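Residues in the sequence shown are numbered consecutively from 1, following full-length UniProt numbering.
By construction, the Cβ of each residue, glycine as well, lies at the ideal position given by its N, Cα and C atoms.
Just so it is clear, the structure is predicted and the values come from calculations on it, not from any experiment.
Have a look at the structure below, then the notes.
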Amino acid sequence: MIRLENVTFAYSEETILEEIAFTEEEPVITGLWGRNGSGKTTLMKLLAGHQKPTAGNIEVFGHSPFNNLDIVKDICYMEEDHPFSIIWTVEDALRFGRYFNPNWHQETADRLLKLFNLPRNKKVTKLSKGMKTAVQITIGLASHAKVTILDEPTNGLDAGIRKKFYQALKESYEENPRFILLSSHHIEEIQPLCESLVVIHNQKIFLHEEMEIIREKGFWLTGNQEKVEAVIKNERVLERNTMGKMLKVMMLATYSKEWEQIARENGLSVEKAQVQDYLLNLTDGGVLDEHN
């Protein structure tokens, strides 16, 4: 379905992406995470056929998407702050989506308009940030495109609308399984939805793993400094925080019943780390030691 082989993209002698390689053969919801400037947007544009790689190969359903209308018609890419015409109403924006997406599902569009309480006749430029994002979500999900790419799909959404988006995406995927790529630099926003995760760091694929496995990585041990030091001997630590005689460390290891038992036996507390904190520390590549 999606295949990238040693993809490099450079602009004005600056390398944006270098030897990117990953494959998704089955319908799946995949997260794309990286810090600002990591190359996420460039990768999405390459997948959508908007740009051509400097080197390497990109295949969508066995063919390059660049300048290939037969492939691009099955790809819907809604970028962050999508450049809708300043004169368009919400209805005009949906008409645009319907025109460019042959698998358009009007029933889905109508349902999402109601769900997000979007006014059909209001100009998109007059909407709040969150409501503009909801328009983009509506087009992306109603497209029923075989490859659906949503850039920062929770940007500007309040907690209530975000919850509605989660449910709408799950229902859309269940009705029409396909490859959905969700990009965000706030992984906690999208990780509940993702089955796998691609992490870009230093212009390369740093990690491509099932989300279920990633969620179990990284946990905190907290307690008496001497006891913590004894327990973590020979283990890789991602972050250290000292507080007087107390020490709090983030472990690289997988959270497990064994670690819970070790913590109990040594009078330590143990808790899962947030995925965002784990990935930030992992991509930093070293131990952060903060003395409080």
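- If you draw a straight line from the Cα of G285 to the Cα of V199, it is about 14 Å long.
- For A55, the enclosing beta strand (DSSP E) has its first and last residue at A55 to V60.
- Around Q136, the same chain offers M78 and H82 as residues with beta carbons nearer than 6 Å, after the five sequence neighbours per side are excluded.
- At the C-beta level, I149 and L181 come within 7 Å of one another.
- Beta bridge pairing from DSSP links F84 with no other residue.
- Per DSSP, reduced to three states, the secondary structure at Y255 is coil, with no helix or strand assignment.
- For the region 91-156, the continuous beta strand (DSSP E) assignments of 3+ residues that do not extend past its boundaries occur at 147-151, in sequence order.
- The C-beta distance from R3 to H185 rounds to 25 Å, too long to fall under 8 Å, and the pair is not in contact.
- The C-beta distance from D74 to K146 rounds to 4 Å, short enough to fall under 8 Å.
- Of Y99, L157, K272 and F206, the smallest CA-CA separation from L127 is found for L157.
- DSSP, reduced to helix, strand and coil, places E175 within a helical segment of the structure shown.
- Distance from the CA atom of G244 to the CA atom of G267, rounded to whole angstroms, is 17 Å.
- Each of H144, T138 and F179 was checked against the Cα of R162, and the nearest Cα belongs to T138.
- In this model, V228 and T222 are separated by some 7 Å (Cα to Cα).
- The C-alpha of E260 is placed about 46 Å away from the C-alpha of L113.
- For I200, the three-state secondary structure derived from DSSP is strand.
- When E91, E171, K248 and K272 are compared, the shortest CA-CA separation from I213 is found for K272.
- Rounded to whole angstroms, the Cβ separation of H144 and W104 is 7 Å, and the two are in contact under 8 Å.
- Under the three-state reduction of DSSP output, K164 falls in the helix class.
- Between K45 and L32, the C-beta spacing is not below 7 Å.
- Per DSSP, reduced to three states, the secondary structure at A159 is helical.
- Counted as a single uninterrupted DSSP element, the alpha helix (DSSP H) harbouring A230 occupies residues Q225 to V231.
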